[in-house]
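Asks:
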Amino acid sequence: METQRRCSGDDGEGERGLLHTWKGYSYSVAPERLLLPQSVLQVALGRNHGVLLVEGGQVFTFGHLPWKQSQTAEFTAPTLESALSGQRVVALAAGSFHSGAVTEDGGVHMWGDNSAGQCGLLGLSSVPNPTPVALLDSDCSPLQHTVPVLELACGEQHTLALSVQREVWAWGSGCQLGLNTTVVPVCKPQKVEQLAGRFVLQVSCGALHSLALVRCLTPQDVKRPPADKCGQCKQLLYTMTDKEDHVIISDSHYCPPGLQQPEDVGRLEVSLSTTLLKTSPSEPTLSSQTPASPPAPVNNNDPSQNLDKQESCLAEEGLATLNFDLPGAQCSQAASAKCSPYPDEQAVKDYLQKLLDNTQGEKTPKVTKGGLHNLLPSASGLIGTSSTNALNNLVASCASAVGERVASTYEALSLKKMMSLYLPGTLRSGGPVSFTGDVPRAGENTPEHVHQEDSMQAKKSSSTGDIREEDAEHMQRRLSLPGLLSQGRYAVHLLSSSYALLLSPRLLRKVGRSKTGAVPLTPLGVSDPEAQEVLPTLQTEVWSWGHGGQGQLGHGDNLDRLQPLCIKSLNNKEVVRVAAGAHHSLALTAQSQLFSWGSNSHGQLGHMESPSTIPRLAKLSEGIRVWDVSAGVRHSLMLADGDCIQPIIYYSGEQVKEDTVECGTQEDREEPSEGYTQQPVLLPFCMNLGFVSTVFSGGRRCVALSDKNVMGFIASLHELASAERRFYCKLCNIKTQILRPLLELELLSATLGTVNFGLLQTLASRFWHLCHLTGQHAVRVTAGLRHSRNVKNLPILEHPSIFLDSYNEYCSTLADFHVMGGLLAMTKPVLDFFGKSHELLQRLAECTEENLAIPDILVALFSLPMNHLQEYGRLLLKLATCFEVCSDDYQRLQDSCSKFEALALLLKKKLKEAEFTFLFWKSFPGKMTDSLRKPHRRLICESSNKALTLQNSGRFSVNWFILFNDALVHAQFSTHHVFSLATLWVEPISEDNAGLYGLKVITPEEMFTLLASSPMEKAKWIRCINQAVDQALNFGEGQKFEPPISRSATYTFYKDGRLKDATYEGRWLAGKPHGRGVLKWPDGRSYTGSFKNGLEDGFGEFVAPNKTVNKNDHYQGHWKDGKMHGVGTHRYANGEIYDGSFQDGLRHGHGMLRSGKLNTSSPSVFIGQWVHDKKTGYGVFDNITKGEKYIGMWQDNQRQGTGIVVTQFGLYYEGSFKDNKMMGTGILLSEDDTTYEGDFSDDWTLNGKGVLSMPNGDYLEGSFNGEWGLGPKVIGSYFKPHLTDNEKEKTRSVKLGRLCVCAEEKWQAVFDECWIQLGCEAAGQGENWKAWENIAVALTTSRRHIQDSPERLSLSHSRTLESLEVIPQHEGPITMERYHAIRLYLVKACDTSLHPLGRLVEALVAVYRMTYVGVGANRRLLPQAVSEIKSYLNRIFQIVRFLFPDLPEEGGVIKEPTTDFQGGKDSGLKLESLPEHEDLKQNIITEQSSFLLSHMVSSSALLLPVLLPRLYPPLFTLYALDKEREDDVYWECVLRLNKQTDLALLAFLGVQQKFWPVSIYIPPAPAPEKRQEVLSSTKDACFASAVETLQQISTTFTPSDKLQVIQQTFEEITKEVQSLLKQDFLWSMDDLFPVFLYVVLRARIRNLGSEVNLIEDLMDPCVQNGEHGIMFTTLKACYYQIQREKIT
């Protein structure tokens, strides 16, 4: 607004909050303008004074102020309240003689009369100046804290405060406080517990009563089991006793005053009718309560009119009682049956059925004593203190039990006969009517008795005010009872006796019918949560309490209420504002209706109907929409919409003479002293006040605040609010007068059909949602007029998506309904209901044309919301013109205007498309309409004019092409085919000399050419198809002319072939699956993965069910051209698992097959080479059942060639195999070294020549026949060599390894796959650069694949992959720096299986462990295990040299002077790029810093550190088994010699005494000086550091690391001796060996022989003759020396 003020060229003073005041309503009244320095924001009026809040938060008071000490009796002009200076006040309130203010921090200040404690201060009769009052809450914590307040309301003797937590606090005097207290006055603010837990929106105070506007509870709040005990006195709410042939249910319980129902029960009671009954918010809730009201005189002498009036009134009561109007009631009954508090509910049902059976033949209902009256003896059974589900259920059961009897009776009797039957003689007299079912007892109808009964009913009743009053237009459809009685006490007597036996047949038919029509009028699912947060609620309740002597509480009686009680008749009326006069109350609804009740002595209620104890509508002219109200002592003020934009003011109440003196005695009189209004009158001067934003009343005074219309801004705001209110009322009328009646028609579903009826229900729900949203927005904008009047707070600017989405959804549903012919099908139901007269429809649809068809009227009617979108755009644009173009407000308004106008155009286009499609279906021939007609389908164009034909079609064929928004349809005679646009591609065909204008259409299974009649037609069809495809793919409109050739879509194949009936969902390219997708067959097969040119290609997962075993085959791996190709894992349904390579769908290459499990019949594992799905080549087969392992060659799934078999019993066979049998020459060894070398004919079967050697050297030579272990027959010679015949003994020793597969031929398939991954057809045959490209591609694709499951990729792994993706420099001379960089690269490459080298190492580790673990852990296999590792090194080194061609060959030398070490500029890998290998980098730098002229390159030095740690466990196990006997001898000697003390052992080993330590450190030593002398008893102390160092040899893997440990051990020994001799010392072997022998003994290395042999077998040849070689020889000599020590 500051921008707008600047635009106006005015200083802005006086533009807002202009205050006008007057009294009365005559033509002579002229409003007085009060001039103040600032704009007035709020006014509060008392009996004789007023309080003003101006901009800046200052407060002024005026009028008679007797509490001011310096005040006279004269009228005081507005005076600033200086006591509030420094405080910014945000809200005001004024009672009769006191005032209150709320500051922006939530503080409360009170001043004025305090005689009743209404100012909240103790000991003062009046408070002259504003004084703070604290609301202290001690519920949450022991420490009291001040509760901030939102607003205040003041009465005559009390004050209410609404806290920020939406709780109500009260202080003062009287029952209007709503507090459970006997202390009067209440000077300390207390919380109104009855409203605790509820969300209170507004409070208002009359003189002696209070009102609260409360948000309804959500359904979740009331889904609690019904209470069966009173929360206060803990007594049973209901009792049920069985008496003879009937059951008596009583709810006569009530709490004494001060112990009324707890808040929970009241909350449940109030919310039942609002949540369980799904009604329109604009219509009354038909609750389960029955009213009680005082008697009213029958002042109409016409009996028929009286009957009509009585019928309509009591009809509402009966419906409210029986809860039969809506399906929600039936739902509540069904739900309540599960949680009934009654112990024997079945007994009640049985009795009711019996009652029904006994009365089938009766023609006239009789109400006798002990009948239904005794079953439900108290009227409070329907009025009772708690409307629990169980009680509702029981009441409904009673009504249904007597329904048929009443129906049959009513058909035969007229209304007059019914009345004369039940009420003989009473209707003729016109007097009061009484009916109790019995002869009245003496004194029963006396006033005392009536008053006493009313009091009891009031005490027992949670709300006796459920008398419904509706508009006259709703009367004709109300489900009514026969005309019975007048309102008031006598109606209660009737219902307490006979209840609702008199039900009309129409009511019974309606109860028995399933009312599907009520369902769509509730929103689909839950309302928009965003809208719930930003827009005000319309689901409200009005609660009242205090003095009710003049009916101002609205409960239908004149009783006082100590506790807040919900006014049931205002439930679902969408009350948005309440106002309380002195003795009357007003409630304003979202539909701009005004309800009033209470004192009507001066016409202040706006109507003259009686009784005035229930809310009734004020009598206003049609089209008058009230949007603000206020109430004085005896008048009401209404601000409403008129014919123009400017608001008008209506006045209802007493006339005030200009010379009337304002005094308390005059004000308190109830007799009309002057004139008063019969109904609200328009104030003639209101148009002179300008744009009034709000009105206030108090005492006899009226006040209006108005604004100047600067730049048209205020007028535009008022126009927007007025348009919303008018539109909301229009929508409500359509809903209640058109939609609801139509949906309640019995045969509507059958008339429309299932699809259209479902669409109509959806349309009704969308309409309801739109209506509700409009109502919320109207309330929000109206509230903005009263308060901020700021454009920034408009919801259509802050949250436009809520409105745009709602309108879009509604229009889409309407278009779908129209396309399916729903509006046309509605013609008959509309005619049946409304007849041939369409005035109501035309009026609501705003149709001015005459003789319109019903479908056209319905189109106009349902299209009204789209017209309102244009109204939004117009009004937003009008608002925008009030601001400078450069301002933010202008830009926001302009943007929102564009959005609404764009949506209006879009929705208009949608409706046109729907109309176009609807007309097409009307003219579409044949029976294909039903199958092709879909709600969402729209016609774009069609070729009925022969504009498009099929190429090469027959001359008599009919080809009709229809383009919809989702499909292209090709229709022929009686058949048609539908091509989905998502999987349709169209390409223009170049126009050749033939003059054909063709376009090629591509679909997944068909490709055909269409010929257009002209170039124009061709261009049109191509454009239309491409645009339709583009929209079908959700790419929006106008983004691109041609849709993408690659897209995502779903398609089901229909042609015969591999893909018949399969459904594909994923990426497409030019009509074929290409990219990621999912393919599923009806028989359960499915493939998920990559596609290429329509076939499975890349990584994918395939599942195929196996019906034989009722399990699935599952493959996960790589594909090529639709077949399994590459590495993958296949899990077969029979339990077998193959993990390895495939080719053309068959197992081919290296792979492992696991068959069965350990607990199955034949578990086995094969790992090796496959050719065309058969085991062929080298492989290892582990037969777990037999405990045998075969290591050798295969052919066609059979053992063929050389091989080895080892068993779990220690047998070892090495030789040739044929046809899966041991056949030919072989060697067989048993565990005890018995050896057979000769011919075999079957497994373990000796057959032919051979030699059998014994462990002692004896041997048999000859011919053998028979199975080993079963006594084979021998024909030959026995030899026993001489003990000293060493030569012969040597000739007889068997050399193993000659008849098995050599190491270089093993696992050739594993290395072949690695070469293939590098792009080489064979080992070493390929391009170096291509190999590096393949490595980079493999790493990148594998990394992308793993990123789909991040849990598989650790941070360090991710960094390793990132560094490996960079191709290192692999050409150029090799320096030491580049050599070490290569070493680091190999370490990282072998750390990840995604690198070809890493996969190779992983596969080699798997096959090695598979070979030499388990049964393969046989000591005879050690030489092969060692040679296999050496073979690995050689073949991997060949690959490394292929990747780094300049690397020297095995044994080559890298020569480089130390001075050139800093050069290294052409190194491919930098050490700084390897943060995860800091320790290795340090070792390299240490080595670099030493003076090295050359370095010998070897495969073991380069690769063994990478490979051996992974192979170490099985290898060392073989060493331990092979050296078991020697190690046992060694270990026994170690244990024996270690029993000696240090000095004794040194002497025994011959260590020179000068090397004996004299003193040693005893750890932990606090200082080096503190040494302990070596005594004769000292043990395990000498050379302790050297011993500890040598023990580390068991924790290392590679020979180089173990040699490093030995070197460090020698250094520790030398260090110890030098410290002992205190001089440099050079060892001789004679001196060193005994000392080292001592260290070896003390180190106690268990498998030292295995360690020594491993080092000897795998040691780098280049170090054998160096320093390390000498040290290793020393260790080896110590090992053998220790074994001989036992002998010596």
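Residues in the sequence shown are numbered from 14 upward in steps of one, following this note's numbering.
All residues carry an ideal CB built from backbone N, CA and C; glycine is no exception.
Since the structure is predicted, the reported quantities are computational estimates derived from the model, not experimental observations.
So for Lys891, helix, strand or coil by DSSP?
Replies: Lys891 falls in the helix class under three-state DSSP.
Asks: Can you tell which of Gln178, Leu208, Ala225 and Phe875 has the C-alpha that lies nearest to the C-alpha of Val588?
Replies: The shortest C-alpha separation from Val588 is found at Ala225.
Asks: Tell me the rounded alpha-carbon separation between Thr775 and Val768.
Replies: Their Cα atoms are separated by approximately 11 Å.
Asks: Could you tell me whether the Cβ atoms of Gly1084 and Phe1104 are closer together than 8 Å?
Replies: Against a cut-off of 8 Å, the Cβ pair of Phe1104 and Gly1084 comes out as no contact.
Asks: Between Gly1563 and the rest of its own chain, which residues show a CB-CB distance below 6 Å, the 5 nearest in sequence each way excluded?
Replies: Within the same chain, Gly1563 has close Cβ partners Pro1647.
Asks: What residue range is occupied by the uninterrupted alpha helix (DSSP H) comprising Val768?
Replies: Element bounds for Val768: Thr767 to Arg799.
Asks: Counting beta carbon pairs with one atom in the segment 65 to 78 and one in the segment 91 to 104, are three or more of them shorter than 8 Å?
Replies: Taking 8 Å as the limit for Cβ pairs, the verdict is that the segment 65 to 78 does touch the segment 91 to 104.
Asks: Run through DSSP, which three-state label would Trp1345 get?
Replies: DSSP places Trp1345 in helix when its eight states are reduced to three.
Asks: Does the distance from the C-beta atom of Val642 to that of Leu607 stay below 8 Å?
Replies: Against a cut-off of 8 Å, the Cβ pair of Leu607 and Val642 comes out as a contact.
Asks: To the nearest angstrom, report how far apart Ser612 and Arg753 are at their CA atoms.
Replies: Looking at the two C-alpha atoms, the distance is approximately 36 Å.
Asks: Buried or exposed: which applies to Phe929, given that a residue is buried once 16 or more other Cβ atoms fall within 10 Å of its Cβ?
Replies: By the 10 Å Cβ count, Phe929 comes out exposed.
Asks: Name, in chain order, the residues that DSSP records as bridge partners for Pro697.
Replies: Bridge partners of Pro697: none, in fact.
Asks: Got a sec? Which residues, its chain only, sit under 8 Å from Gly1162 by beta carbon, not counting five neighbours each side?
Replies: Only Gly1153, Ser1154, Phe1155, Gln1156, Gln1182, Trp1183, Ala1322, Asp1325 and Glu1326 meet the Cβ criterion.
Asks: Name the DSSP bridge partner or partners of Leu1024?
Replies: According to DSSP, Leu1024 bridges with Thr962 and Gly1011.
Asks: When you compare only the Cα positions, how much space is there between Ala858 and Asn746?
Replies: If I take the Cα positions, the gap works out to 11 Å.
Asks: Specify the secondary structure class of Arg574 as computed by DSSP and reduced to three states.
Replies: Strand, per DSSP.
Asks: Give me the Cβ distance between Gly1693 and Leu1531, rounded to the nearest whole Å; I'm assuming they're in contact under 8 Å.
Replies: Note on residue identity: the sequence assigns Tyr, not Gly, to residue 1693. Their Cβ separation, rounded to whole angstroms, is 21 Å, which puts Tyr1693 and Leu1531 out of contact at 8 Å.
Asks: Excluding the 5 residues flanking Asp126 on each side, which residues of the same chain have their C-beta closer than 7 Å to its C-beta?
Replies: Correct list, in chain order: Trp80, Phe110, His111 and Ser139.
Asks: Rounding to the nearest angstrom, what Cα-Cα distance links Leu882 and Leu744 in this structure?
Replies: For Leu882 and Leu744, the distance between alpha carbons rounds to 14 Å.
Asks: Quick check on Ser295: does DSSP put it in helix, strand or coil?
Replies: Any answer about Ser295 is weak, because its pLDDT of 38 lies below 50 and its placement is not dependable; what the coordinates show is given next. If DSSP states are grouped into helix, strand and coil, Ser295 belongs with coil.
Asks: Just to confirm before moving on: does the CB-CB distance between Gly1011 and Leu1024 stay below 8 Å?
Replies: A contact, by the Cβ cut-off of 8 Å.
Asks: For Leu892 versus Ser729, is the C-beta spacing smaller than 8 Å?
Replies: The answer is yes: Cβ separation under 8 Å.
Asks: What three-state label does DSSP hand Ser956 in the structure shown?
Replies: In the structure shown, Ser956 sits in coil (DSSP, three-state: anything other than H, G, I, E or B).
Asks: Which residues bound the alpha helix (DSSP H) around Phe1649?
Replies: Here the alpha helix (DSSP H) through Phe1649 covers Met1642 to Ala1656.
Asks: Would the C-beta of Gln1636 count as close to the ligand FAD, meaning under 7 Å from any of its heavy atoms?
Replies: As for the ligand FAD, it is missing from this structure, which has no ligand bound.
Asks: Measuring CB atoms only, is the segment 610 to 628 touching the segment 555 to 569, in the sense that at least three cross pairs come out at less than 8 Å?
Replies: Yes, since at least three Cβ pairs between the segment 610 to 628 and the segment 555 to 569 fall closer than 8 Å, the two stretches touch.
Asks: In angstroms with no decimal places, state the Cα-to-Cα distance between Trp1257 and Gly1216.
Replies: Spanning the two alpha carbons is a distance of roughly 14 Å.
Asks: Are the beta-carbon atoms belonging to Pro868 and Leu837 less than 8 Å from one another?
Replies: The answer is yes: Cβ separation under 8 Å.
Asks: For Ile1449 versus Tyr1392, is the C-beta distance shorter than 8 Å?
Replies: No.
Asks: Need the endpoints of the beta strand (DSSP E) that Ile1467 sits in, please.
Replies: Ile1467 -> beta strand (DSSP E) spans Val1466 to Lys1468.
Asks: Here's a check: name, in chain order, each residue in its chain whose Cβ is nearer than 7 Å to the Cβ of Arg1422, leaving out the five neighbours to either side.
Replies: Only Pro1527 meet the Cβ criterion.
Asks: Could you tell me whether the segment 1634 to 1650 touches the segment 1663 to 1674, using the rule of 3 or more Cβ pairs below 8 Å?
Replies: Contact between the segment 1634 to 1650 and the segment 1663 to 1674 is absent, because fewer than three Cβ pairs lie under 8 Å.
Asks: Using 8 Å as the cut-off, can you tell me whether the segment 786 to 793 makes contact with the segment 849 to 857, which would need three or more C-beta pairs spanning the two stretches below that distance?
Replies: In short, these stretches do not touch, since the Cβ pair count stays below three.
Asks: Please determine if the segment 901 to 909 and the segment 800 to 813 are in contact, where contact requires at least 3 C-beta pairs separated by less than 8 Å.
Replies: Yes, they touch.
Asks: Return helix, strand or coil for Arg1036, following the three-state DSSP convention.
Replies: In this structure, Arg1036 counts as helix in the three-state DSSP scheme.
Asks: Pull up the distance between the alpha-carbon of Phe572 and that of Pro198, whole angstroms please.
Replies: The amino acid at residue 572 is misidentified as Phe; the sequence shows Leu. Between Leu572 and Pro198, the C-alpha separation is close to 22 Å.
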